[in-house]
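Report on one structure; see the data block that follows.
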Amino acid sequence: MVLEVITLTLVMVAYVLFTIYSYEKIKNRAIYVAYPSTLLYLALVVVSARRGEVAFPVLVGLAVVMVYLLSVKLTRGLASLLLTPLLLYLALILALRG
Numbered sequence: 001m002v003l004e005v006i007t008l009t010l011v012m013v014a015y016v017l018f019t020i021y022s023y024e025k026i027k028n029r030a031i032y033v034a035y036p037s038t039l040l041y042l043a044l045v046v047v048s049a050r051r052g053e054v055a056f057p058v059l060v061g062l063a064v065v066m067v068y069l070l071s072v073k074l075t076r077g078l079a080s081l082l083l084t085p086l087l088l089y090l091a092l093i094l095a096l097r098g
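As numbered in full-length UniProt numbering, the sequence shown has no gaps in its residue numbers, which increase by one up to the final residue, 98.
Encoded structure:
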């Protein structure tokens, strides 16, 4: 479990640093957020399914969509690119910890 958390943390740090560094160069921001968010959500569903949890991925999915839509409406900036994957990252860490 520790190895998964360390690997996931390193990947998220790389994502955040790359996003901050290349923010001005990103043309289609919705697709840029969709790829890591989809992968993190699928990992969350798999981890939760292994433990027999059904409600947790559904609630996290609804919260993530709400946060993304609000952040796009309110900030339209770097926060809208980082909030959704970071929220999914935290949910996946919680699911891995049990």
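Each residue gets a CB set at the ideal place from its N, CA and C atoms; glycine is no exception.
Computed from a predicted structure; not experimentally measured.
Where residue i sits in the DSSP three-state scheme
| i | result |
| --- | --- |
| Ser-22 | coil |
| Glu-4 | helix |
Environment of residue i [buried if 16+ CB atoms lie within 10 Å]
| i | result |
| --- | --- |
| Tyr-21 | exposed |
| Tyr-89 | buried |
| Thr-84 | buried |
| Tyr-35 | exposed |
| Ala-91 | buried |
| Val-60 | buried |
| Val-33 | buried |
| Leu-81 | buried |
Boundaries of the alpha helix (DSSP H) in which residue i is found, first to last residue
| i | result |
| --- | --- |
| Lys-73 | 55-74 |
Q. Between the region 45-52 and the region 62-77, do at least 3 Cβ pairs fall closer than 8 Å?
A. no
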